[in-house]
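Undergrad: Below are the structure tokens for one structure; questions will follow.
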Amino acid sequence: QQQVKQSPQSLIVQKGGISIINCAYENTAFDYFPWYQQFPGKGPALLIAIRPDVSEKKEGRFTISFNKSAKQFSLHIMDSQPGDSATYFCAASMEGGTSYGKLTFGQGTILTVHP
Amino acid sequence: KAGVTQTPRYLIKTRGQQVTLSCSPISGHRSVSWYQQTPGQGLQFLFEYFSETQRNKGNFPGRFSGRQFSNSRSEMNVSTLELGDSALYLCASRVGRATGELFFGEGSRLTVL
Chain A
1 QQQVKQSPQS LIVQKGGISI INCAYENTAF DYFPWYQQFP GKGPALLIAI
51 RPDVSEKKEG RFTISFNKSA KQFSLHIMDS QPGDSATYFC AASMEGGTSY
101 GKLTFGQGTI LTVHP
Chain B
116 KAGVTQTPRY LIKTRGQQVT LSCSPISGHR SVSWYQQTPG QGLQFLFEYF
166 SETQRNKGNF PGRFSGRQFS NSRSEMNVST LELGDSALYL CASRVGRATG
216 ELFFGEGSRL TVL
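So the protein sequences, as listed, match chains A and B. Every letter in the first sequence is one number past the one before it in our numbering, and letter 73, counting from 1, is 73. Every letter in the second sequence is one number past the one before it in our numbering, and letter 95, counting from 1, is 210.
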């Protein structure tokens with residue numbers, strides 16, 4: 001029930017294309033869904049996050065789409081650039097109760113954007 | 116503002132030894148959590164500290180322990196190292212107890228031989 005399943009494992013996109021990464025969760029108590037970006041040799045960095053009362057959130061070229069009934073959420077990267085090449089992790093947490101903000105991560109997607 | 120600082124960045128140990136990793140959170144952040152990152156298991160939660168108290172713990176054996184000091188700095192210790200403990204250990208801090216953005220450090224890369 002604590003799992004977050006992420007797909008695909010790897011993704012290759014041409015410059016200017018749209019990158020789409022999908023995640024699914026089981027625990028309906030999750031109430032915070034962030035996406036993290038990680039470059040080699042660096043720690044993950046928060047990219048964008050959404051809460052379940054919103055179906056979509058956009059920040060620049062990055063958009064999260066959230067489907068509460070299907071328990072799925074996805075990251076769309078518009079106009080993908082070679083500099084977007086990194087590993088992307090979706091995550092989920094319960095910000096109340098006894099979980100104290102523990103993040104449950106998906107397995108990650110290695111995105112490669114070809115110039 | 117300085118980010119999360121982890122030391123050492125790289126270390127090599129042999130089986131059976133123990134290791135202590137250190138984390139200095141962003142100034143003003145009172146919550147520190149630790150994650151283990153491996154190619155096979157991905158990012159897994161180890162534990163979280165707030166005001167020197169462990170608030171949450173992941174599914175790791177008792178060989179993994181941690182603590183937080185009054186200045187919010189944190190350490191984690193792994194005793195009786197096993198080959199499978201080879202991983203990137205990431206520390207993250209946040210302002211409050213459970214909400215908001217987690218800021219990660221660059222990690223401590225542990226290799227167990």
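Where a beta carbon is used, it is the ideal one built from N, C-alpha and C, also for glycine. Fair warning: this is a prediction, and the values are worked out from it, not measured in the lab.
Which full runs of the alpha helix (DSSP H) of 4+ residues lie inside the region 148–206 of chain B, going along the chain?
TA: If we require 4 residues or more, the region 148–206 of chain B turns out to have no alpha helix (DSSP H) run fully inside it.
Undergrad: When Cβ atoms are compared, which residues of the region 18–46 of chain A fall closer than 9 Å to chain B?
TA: Those residues of the region 18–46 of chain A that come within reach of chain B (Cβ to Cβ, closer than 9 Å) are Y32, P34, Y36, Q38, G41, K42, G43, P44, A45 and L46.
Undergrad: Does the beta-carbon of R130 (chain B) have 16 or more other beta-carbons within 10 angstroms, so that it is buried, or is it exposed?
TA: Here residue 130 (chain B) is taken as the residue at index 15 of the second sequence, counted from 1. Looking at its Cβ environment, which holds fewer than 16 other Cβ atoms inside 10 Å, R130 (chain B) is exposed.
Undergrad: Within a Cβ cutoff of 6 Å, which residues of the same chain sit near L136 (chain B), ignoring the five residues on either side of it in sequence?
TA: Along the second sequence, read from residue 1 onward, the residue named residue 136 (chain B) stands at position 21. If we look at L136 (chain B) and ignore the five residues flanking it on each side, its Cβ neighbours are M191, Y204 and S223.
Undergrad: For the beta strand (DSSP E) holding I64 (chain A), just list the boundary residues, first then last.
TA: Against the first sequence, residue 64 (chain A) aligns to sequence position 64. Note, I64 (chain A): beta strand (DSSP E), F62 to N67.
Undergrad: What is the DSSP secondary structure of P44 (chain A), counted as helix, strand or coil?
TA: As a working note, residue 44 (chain A) is residue 44 in the first sequence. It is coil, neither helix nor strand.
Undergrad: Looking only at DSSP bridge pairs, what is P34 (chain A) linked to?
TA: Along the first sequence, one-based indexing puts residue 34 (chain A) at 34. According to DSSP, which records beta bridges pairwise, P34 (chain A) is partnered with A:A49.
Undergrad: Quick one: any contact between the region 119–130 of chain B and the region 161–177 of chain B, if contact means 3 or more CB pairs under 8 Å?
TA: With a cut-off of 8 Å, the region 161–177 of chain B and the region 119–130 of chain B do not count as touching, because too few Cβ pairs lie within range.
Undergrad: Just checking: is the beta-carbon of Q107 (chain A) within a distance shorter than 8 Å of some beta-carbon in chain B?
TA: Counting from one through the first sequence, the residue named residue 107 (chain A) turns up at place 107. Closer than 8 Å to some Cβ of chain B, the Cβ of Q107 (chain A) qualifies, so yes.
Undergrad: Please determine, among B:G211, B:E163 and B:Q132, the residue with the shortest C-alpha to C-alpha distance to V147 (chain B).
TA: For the purposes of this step, residue 147 (chain B) is taken as the residue at position 32 of the second sequence. Residue B:E163 is the option with its Cα nearest to V147 (chain B).
Undergrad: Looking at C-alpha atoms only, which residue of A:F73, A:A45, A:I50 and A:I77 is the closest neighbour of G60 (chain A)?
TA: Within the first sequence, the letter at position 60 stands for residue 60 (chain A). Of the candidates A:F73, A:A45, A:I50 and A:I77, the one whose C-alpha sits nearest the C-alpha of G60 (chain A) is A:I77.
Undergrad: At a CB-CB cut-off below 8 Å, which residues of chain A make contact with L205 (chain B)?
TA: By 1-based counting over the second sequence, the position of residue 205 (chain B) is 90. Neighbours of L205 (chain B) on chain A, chain order: G43 and P44.
Undergrad: Could you pull out every residue in the same chain whose Cβ sits closer than 8 Å to the Cβ of R124 (chain B), ignoring the five residues on either side in sequence?
TA: Numbered from 1 along the second sequence, position 9 holds the residue referred to as residue 124 (chain B). These residues qualify, in order along the chain: E221, G222, S223 and R224.
Undergrad: Using a cut-off of 8 Å between C-beta atoms, extract the partners of K102 (chain A) located in chain B.
TA: Working through the first sequence from its first residue, we reach residue 102 (chain A) at position 102. Chain B residues near K102 (chain A): S148, F160, E163, N171 and G173.
Undergrad: From this set, B:V227, B:Q183, B:T226 and B:L196, which residue's C-alpha is nearest W149 (chain B)'s C-alpha?
TA: Here the question's residue 149 (chain B) lines up with position 34 in the second sequence. Nearest option by C-alpha distance: B:Q183.
Undergrad: Where do the N-terminal and C-terminal ends of the beta strand (DSSP E) with T226 (chain B) fall, by residue?
TA: Your numbering for residue 226 (chain B) matches position 111 in the second sequence. It spans S223 to V227 - the beta strand (DSSP E) in which T226 (chain B) sits, taken as one unbroken run.
Undergrad: Using a threshold of 8 Å, state whether the C-beta atoms of K62 (chain A) and L46 (chain A) are closer than that.
TA: Here residue 62 (chain A) refers to the residue found at position 62 of the first sequence. Here residue 46 (chain A) refers to the residue found at position 46 of the first sequence. Correcting the residue identity first, residue 62 (chain A) is Phe in this sequence and not Lys. Not a contact, by the Cβ cut-off of 8 Å.
Undergrad: Tell me the rounded alpha-carbon separation between K71 (chain A) and C138 (chain B).
TA: Numbered from its first residue, the first sequence carries residue 71 (chain A) at position 71. Numbered from its first residue, the second sequence carries residue 138 (chain B) at position 23. Their backbone Cα atoms lie some 35 Å apart in a straight line.
Undergrad: Could you check whether the Cβ of F62 (chain A) sits closer than 8 Å to any Cβ belonging to chain B?
TA: Sequence index remark: in the first sequence, residue 62 (chain A) carries index 62 (1-based). No, F62 (chain A) lies away from the interface with chain B (no Cβ there is under 8 Å from its Cβ).
Undergrad: Chain B beta carbons: is any one of them nearer than 8 Å to that of F132 (chain A)?
TA: Summary: the structure shown does not reach residue 132 (chain A), with chain A confined to residues 1 through 115, and so no result is reported for it.
Undergrad: Any beta carbon from chain A within less than 8 Å of E167 (chain B)'s own beta carbon?
TA: Walking along the second sequence from the start, residue 167 (chain B) turns up at place 52. So, not an interface residue.
Undergrad: In terms of residue numbering, what span does the beta strand (DSSP E) encompassing L136 (chain B) cover?
TA: Residue mapping note: residue 136 (chain B) aligns to position 21 of the second sequence, counting from 1. Here the beta strand (DSSP E) through L136 (chain B) covers V134 to S139.
Undergrad: Would you mind telling me which residues of chain A sit closer than 7 Å to L126 (chain B), beta carbon to beta carbon, in chain order?
TA: In the second sequence, residue 126 (chain B) corresponds to position 11, counting from 1. Per Cβ cutoff of 7 Å: no residues; L126 (chain B) is ~16 Å from chain A at best.
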